[in-house]
Amino acid sequence: MRSKKLFTVFLALAGLFLFAVPSVYALNEVSAVNTYSALQSDPTAVIFDTRAVDEHNGLVPPWS
Numbered sequence: 003m004r005s006k007k008l009f010t011v012f013l014a015l016a017g018l019f020l021f022a023v024p025s026v027y028a029l030n031e032v033s034a035v036n037t038y039s040a041l042q043s044d045p046t047a048v049i050f051d052t053r054a055v056d057e058h059n060g061l062v063p064p065w066s
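Heads up: the sequence shown at position 43 corresponds to 45 in my numbering, and the numbers run straight through without jumps.
Shown next as structure tokens:
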């Protein structure tokens, strides 16, 4: 019985780290100045503009 309770706690913590923690990092705003500076310091850097894809899919209004 005790091992089942420990497994449940472990599963809950694993779910927290798998689903909640990455979404916190997704809320960080990327400024144009920081992006430009990163490109200047590392010429091999690549930027993926997913905002245009989200606008096309209707997830984000184009004016936001």
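A virtual CB, placed ideally from N, CA and C, is assigned to each residue, including glycine.
The alpha helix (DSSP H) enclosing residue i, as first and last residue numbers
i	result
L13	R4 to G17
Cut-off 7 Å between Cβ atoms - residues of its own chain near residue i, not counting five sequence neighbours on either side
i	result
F21	none
Beta-carbon contacts of residue i that lie in its chain and below 6 Å, excluding the five residues immediately before and after
i	result
L15	none
K7	none
Closest residue to residue i among the options (Cα-Cα distance)
i	options	result
L50	S5, F12, R4 and T37	As written in the sequence, residue 50 is Phe, which differs from the Leu given in the question. Closest by alpha carbon: T37.
Neighbourhood of residue i by C-beta, 8 Å cutoff - its chain only, sequence neighbours within 5 removed
i	result
A40	A47
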